[in-house]
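Residue numbers for the sequence shown follow our numbering, beginning at 7 and rising by one. The next block holds one structure in the form of structure tokens; read it before the comments.
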Amino acid sequence: MVMSVFVNKIKHFVLFVVSIFRRALCCFRRRRRSSFDSVPLTHVGVVSNHKESEENWNWDDRLEYAEPKTVQDHIELYRKRKVDAQQQSDIPLEERLDFFEDMTPKITKQTKLFINAAKNESDVGNRLNVIETVPVEDGELREWEESSGWEGQTLDWDAQEALRQKKRQDRERRLWEQQQKRQEKINRSLGARVNT
Numbered sequence: 007m008v009m010s011v012f013v014n015k016i017k018h019f020v021l022f023v024v025s026i027f028r029r030a031l032c033c034f035r036r037r038r039r040s041s042f043d044s045v046p047l048t049h050v051g052v053v054s055n056h057k058e059s060e061e062n063w064n065w066d067d068r069l070e071y072a073e074p075k076t077v078q079d080h081i082e083l084y085r086k087r088k089v090d091a092q093q094q095s096d097i098p099l100e101e102r103l104d105f106f107e108d109m110t111p112k113i114t115k116q117t118k119l120f121i122n123a124a125k126n127e128s129d130v131g132n133r134l135n136v137i138e139t140v141p142v143e144d145g146e147l148r149e150w151e152e153s154s155g156w157e158g159q160t161l162d163w164d165a166q167e168a169l170r171q172k173k174r175q176d177r178e179r180r181l182w183e184q185q186q187k188r189q190e191k192i193n194r195s196l197g198a199r200v201n202t
């Protein structure tokens with residue numbers, strides 16, 4: 007048993023060393039292949055930074071002060087900004103333009119209407135009474151009413167059919183009148199030719 011454990015440990019150690027050796031060979035093989043495929047870099051160009059031109063671009067007009075580096079510079083910057091803020095507040099309000107003045111909402115209270123309905127004292131007592139106009143349904147079955155079926159629809163169909171017939175008669179009458187006018191026109195024109 008001890009012997010099998012010792013043999014297994016040696017076997018694992020040998021496999022570990024072989025796997026490391028394989029990985030090393032694979033890495034060298036990959037490097038060799040990639041070195042043949044790529045072109046070596048022979049000349050590297052370096053571009054110097056021109057920080058002076060970037061600093062003078064004035065990206066923000068509000069930055070009138072240099073960036074403070076010491077505590078004394080911070081104090082002076084604070085004092086300058088405070089003086090500038092006081093000078094801006096001294097400018098009269100009429101000179102400052104308020105572009106958003108017309109956009110402010112105007113809040114007004116909603117008008118409330120109170121309607122006092124005339125209450126009858128007799129209605130107050132009748133609120134809990136049963137309304138007699140609503141029919142009370144009981145559990146009994148009744149006879150089927152035949153009149154509620156197709157008769158209402160047949161009346162609609164009859165009315166539509168009557169409208170169609172009336173429109174058809176109106177069309178025929180107009181067509182007959184137009185033909186009469188054409189005949190009179192033709193007769194007049196024929197008579198006019200004969201008379202001349």
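Glycine is no exception: its CB is placed at the ideal position from the N, C-alpha and C atoms.
Helix, strand or coil at residue i [DSSP, three-state]
i      : result
ILE113 : coil
PHE120 : coil
PHE106 : coil
LYS86  : helix
MET7   : coil
ARG148 : coil
LYS187 : helix
GLU73  : coil
GLU178 : helix
THR202 : Here THR202 scores only 48 on pLDDT, less than 50, and its place in the model should not be relied on; the value that follows carries that caveat. Three-state DSSP puts THR202 in coil, outside helix and strand.
ASN14  : helix
GLU167 : helix
Between the CA atoms of residue j and residue i - distance to the nearest angstrom
i      : j      : result
ASP203 : ILE121 : This structure cannot speak to residue 203, because the chain is shown only from 7 to 202.
ALA91  : ILE81  : 15 Å
ARG29  : PHE12  : 26 Å
ILE16  : PHE27  : 17 Å
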